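Numbering (our numbering), first residue to last: 939 to 1268.
Note that the Cβ used here is the ideal one computed from N, Cα and C, for glycine as well.
All values derive from a computational prediction rather than experimental measurement.
Here the structure comes first, spelled out in structure tokens, and everything after it is commentary.
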Amino acid sequence: MKNVNTPPTPAGTPVERPASTRDLIIGNLYVFIATLFFGINIPVVKMLIPHWMSANDVTLFRVFGGTILMWLASVFLPVTSIARGDRWRVFWGGILLFAFMMPLNLALRYANPINVAIIQTFPPVFVILIGVLFQHRRPGWAEWIGIFVSLVGATVVILLQPGRSSDPGSNELLGDLLALASAVFYAIYLVVLEGPSHTYRPVSLMRWVFLASCLPAIFFIPALTCADIFHTTRSLPWLLIAFTMVCPTFLSYFLEAPAIKKIGSELVSLYQYLIPVVAAIASVVVGIAHIELMQVVAMVVIIAGMVLTDVGKRRRLLRATSTSPTKAGQ
């Protein structure tokens, strides 16, 4: 996304400059807070499901709540219209956003929240695999090794469960597979909206993405009135769902956007590996999960694989940039 206050640079001129100390501090603070929101949201949703709301109910609150907040923000922030050629991408991005949230919330109904958080670090791996299968990209050997290591970690999470949950409605294997499906949908979502994300301001894009996500959500509205949250005088469930709608669904987008501008997308992307750590700590603190040694091992293995994949990708892109012939002056 271009800064409208910055004059355009000539073709071939590097646009990235070293971040100042102030930018580094502010950028890291923004993305750290966004990461806290994402990580804490996992045990928060787990506390809501199934005692106060179903997975469908939580999804509806996030989708419709996010839509309302995005459109309200667009009243006070500068926005641009979506070009005709990008409208289908935005539409399918909204459908995929719903398809990502629904199985994620279902996963939290059935599975350990720490396992779900670990599996949610997988979208970057799936993005690379989508590039290989459909975009003819050729990852380097370091990226392949990183993908393999991460898949080993996921296998540990899915197949070696820490034990049977005391919740009679739990199904760890089903929940982990739903979390994996959610990660796949999110990866496709990232690929579909990759171009528009670099073209439009966050609120300009996300207000339409969230609006499109409301279309499949409409079919689940009739069951929403049966949610227990509407039949209680307690404030806790309302505070939990308000946090889910405002913080990870809405505010995180506006914290990540300036963070990318200040410290770069590569550094911002590394913070996603903190999500399972934050989720694990928050889950243990509120008493809804107990972390096991095998989960720690799997977390370390997956994070190591993801870091190796990132390092390999960056080295490959740097080599491609340094060896590509320049046309200037020829």
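Drop a sphere of 10 angstroms on the beta-carbon of residue i, count the other beta-carbons inside from all chains shown, and report buried for 16 or more, exposed for fewer.
{"i": "residue 1232", "result": "exposed"}
{"i": "residue 1174", "result": "exposed"}
{"i": "residue 1125", "result": "buried"}
{"i": "residue 1130", "result": "buried"}
{"i": "residue 1021", "result": "exposed"}
{"i": "residue 1090", "result": "exposed"}
{"i": "residue 1250", "result": "buried"}
{"i": "residue 1093", "result": "exposed"}
{"i": "residue 1019", "result": "exposed"}
{"i": "residue 958", "result": "exposed"}
{"i": "residue 1000", "result": "buried"}
{"i": "residue 1269", "result": "Within the shown structure, residues of the chain are numbered from 939 to 1268, placing residue 1269 beyond reach of any answer."}
{"i": "residue 1027", "result": "buried"}
{"i": "residue 1163", "result": "exposed"}
{"i": "residue 1056", "result": "buried"}
{"i": "residue 1016", "result": "exposed"}
{"i": "residue 1085", "result": "buried"}
{"i": "residue 1143", "result": "buried"}
{"i": "residue 990", "result": "buried"}
{"i": "residue 986", "result": "buried"}
{"i": "residue 1014", "result": "exposed"}
{"i": "residue 1193", "result": "buried"}
{"i": "residue 1059", "result": "buried"}
How many whole angstroms separate the CB atoms of residue i and residue j, which I take to be in contact at a CB cut-off of 8 angstroms?
{"i": "residue 1012", "j": "residue 1224", "result": "The pair is not a contact, with the Cβ atoms about 34 angstroms apart (cut-off 8 angstroms)."}
{"i": "residue 1128", "j": "residue 1065", "result": "6 angstroms"}
{"i": "residue 1239", "j": "residue 1087", "result": "6 angstroms"}
{"i": "residue 977", "j": "residue 1213", "result": "5 angstroms"}
{"i": "residue 965", "j": "residue 1201", "result": "3 angstroms"}
{"i": "residue 1247", "j": "residue 1081", "result": "5 angstroms"}
{"i": "residue 1229", "j": "residue 963", "result": "Contact doesn't hold; Cβ gap of about 31 angstroms is too wide."}
{"i": "residue 1113", "j": "residue 1049", "result": "2 angstroms"}
{"i": "residue 1078", "j": "residue 1253", "result": "7 angstroms"}
{"i": "residue 1165", "j": "residue 992", "result": "7 angstroms"}
(message) Ignoring anything shorter than 4 residues, give me the alpha helix (DSSP H) runs that lie fully in the stretch 1163 to 1234, in order along the chain.
(response) 1174 to 1184, 1190 to 1201, 1203 to 1208, 1213 to 1224, all fully within the stretch 1163 to 1234.
(request) Count the C-beta pairs between the stretch 1178 to 1191 and the stretch 1043 to 1054 that are closer than 8 angstroms, then say yes if the count reaches three, no if not. (result) no
(request) Pair every Cβ in the stretch 1113 to 1129 with every Cβ in the stretch 1026 to 1044, then say whether three or more of these pairs are closer than 8 angstroms. (result) yes
(request) Would you check if there are 3 or more beta carbon pairs closer than 8 angstroms linking the stretch 1133 to 1143 to the stretch 967 to 975? (result) no
(request) Could you tell me whether the stretch 1143 to 1154 touches the stretch 1001 to 1019, where touching means 3 or more Cβ pairs closer than 8 angstroms? (result) Counting Cβ pairs under 8 angstroms, three or more are found: they touch.
(request) Taking 8 angstroms as the threshold, find out whether the stretch 1215 to 1229 comes into contact with the stretch 1175 to 1182 through three or more Cβ pairs. (result) no
(request) Would you list, in sequence order, the uninterrupted alpha helix (DSSP H) runs of no fewer than 4 residues that lie entirely inside the stretch 972 to 1059? (result) 993 to 1014, 1025 to 1048, 1051 to 1057
(message) Three or more C-beta pairs under 8 angstroms: does that hold for the stretch 978 to 986 against the stretch 1151 to 1163?
(response) no
(request) At 4 residues or longer, and completely inside the stretch 1075 to 1159: list those alpha helix (DSSP H) runs for me, N to C. (result) 1079 to 1097, 1110 to 1130, 1132 to 1137, 1140 to 1155, all fully within the stretch 1075 to 1159.
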